[in-house]
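Q: Have a look at this one before I ask anything.
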Amino acid sequence: MSVEFRTARLEDLPAVVAMIADDSIAAARTGTYGPEHRAAFEAIAADPNNELIVAERDGEVVGTMQLTYIPGISRRGALRLQIEAVRITAALRGQGLGRKMMGWAIERGRERGCAVVQLTTDKRREDAHRFYDSLGFAASHEGYKLALD
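The numbering of the sequence shown is UniProt numbering, which starts it at 1 and goes up by one.
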């Protein structure tokens, strides 16, 4: 499958939101495209430590992920790459695009000087866990979240 990876543009945002919301776990917390998504997009675009990436095939956005570069004191001041919101359009799931996206993201982290790549995935996403295991990721930490609503 031939795809191009690039930084998302504002006109890509409705497709990005739709892909993220096309998921039983994320649908309620994502909602439908609106001004809050545009504000988040603008904040990501303005931050040199964040990238909203899309995978494009034949002029159509077919995948997305957010890359965040986190400077830290631990690991001798290492930079970390955090990968979030990895999504692929439903028609292309299971065809290797996720593997290509993750390979591209990991290489992007290397280019930026990252020492480690990390991600979180919902405990209910057993298929995602198997996928990340197959890429060499290790479930090394227990994560916690606290909603501030």
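Built from N, CA and C at the ideal position, the CB exists for glycine as well.
Since this is a predicted model, take the numbers as computed values, not measurements.
Taking the CB atoms as reference points, tell me whether Thr64 and Ile53 lie closer together than 8 Å.
A: The residue labelled residue 64 in the question sits at position 64 within the sequence shown. The residue labelled residue 53 in the question sits at position 53 within the sequence shown. The answer is yes: Cβ separation under 8 Å.
Q: Cβ of Val86 within 8 Å of Cβ of Gly98?
A: Here residue 86 refers to the residue found at position 86 when the sequence shown is read from its first residue. Here residue 98 refers to the residue found at position 98 when the sequence shown is read from its first residue. Yes. Within cutoff.
Q: Contact between the stretch 67–81 and the stretch 7–21: three or more CB pairs below 8 Å?
A: Verdict: no, contact absent.
Q: For Glu126, count the other beta carbons within 10 Å of its own beta carbon; 16 or more makes it buried, fewer makes it exposed. Which is it?
A: What you label residue 126 is simply residue 126 of the sequence shown in a count that begins at 1. When all chains shown are included, Glu126 counts as exposed.
Q: Cα separation between Gly94 and Met102?
A: Within the sequence shown, the letter at position 94 stands for residue 94. Within the sequence shown, the letter at position 102 stands for residue 102. Looking at the two C-alpha atoms, the distance is approximately 14 Å.
Q: Since Phe5 sits in a beta bridge, which residues does DSSP pair it with?
A: On the sequence shown, residue 5 is found 5 positions in, with the first residue counted as 1. Beta-bridge pairing links Phe5 to Ala55.
Q: Alpha carbon to alpha carbon, what distance is there between Ala39 and Leu119?
A: Here the question's residue 119 lines up with position 119 in the sequence shown. Here the question's residue 39 lines up with position 39 in the sequence shown. Distance between the alpha carbons of Leu119 and Ala39: 23 Å.
Q: Is the beta carbon of Phe5 closer than 8 Å to that of Ala55?
A: Counting from 1 along the sequence shown, the entry for residue 55 is found at position 55. Counting from 1 along the sequence shown, the entry for residue 5 is found at position 5. It is a contact, given that the beta carbons lie within the stated cut-off.
Q: Given a threshold of 16 other Cβ atoms within 10 Å of its Cβ, counted over all protein chains shown, does Ile88 qualify as buried or as exposed?
A: Position 88 of the sequence shown, counting from 1, holds the residue named residue 88. With 16 or more Cβ atoms within 10 Å of its Cβ, Ile88 is classed as buried.
Q: Threshold first: 3 residues or longer. Then list the beta strand (DSSP E) segments lying entirely within the UniProt domain "N-acetyltransferase" (3–149), N to C.
A: Correct list: 4–7, 50–57, 60–71, 79–88, 114–119.
Q: Output the distance between the C-alpha atoms of Asp149 and Gly143, rounded to the nearest integer angstrom.
A: Taking the sequence shown and counting its residues from 1, the one referred to as residue 149 is at position 149. Taking the sequence shown and counting its residues from 1, the one referred to as residue 143 is at position 143. One C-alpha to the other measures close to 19 Å.
Q: Rounded to a whole number of angstroms, what is the C-alpha to C-alpha distance between Val17 and His37?
A: In the sequence shown, residue 17 corresponds to position 17, counting from 1. In the sequence shown, residue 37 corresponds to position 37, counting from 1. The straight-line gap from Cα to Cα measures roughly 8 Å.
Q: Let me check understanding here. Comparing Cα to Cα, which of Asn50, Thr30, Leu135 lies closest to Asp7?
A: Taking the first residue of the sequence shown as position 1, residue 7 is located at position 7. The amino acid occupying residue 7 in the given sequence is Thr; Asp does not appear at that position. Ranking Asn50, Thr30, Leu135 by Cα distance to Thr7 puts Asn50 first.
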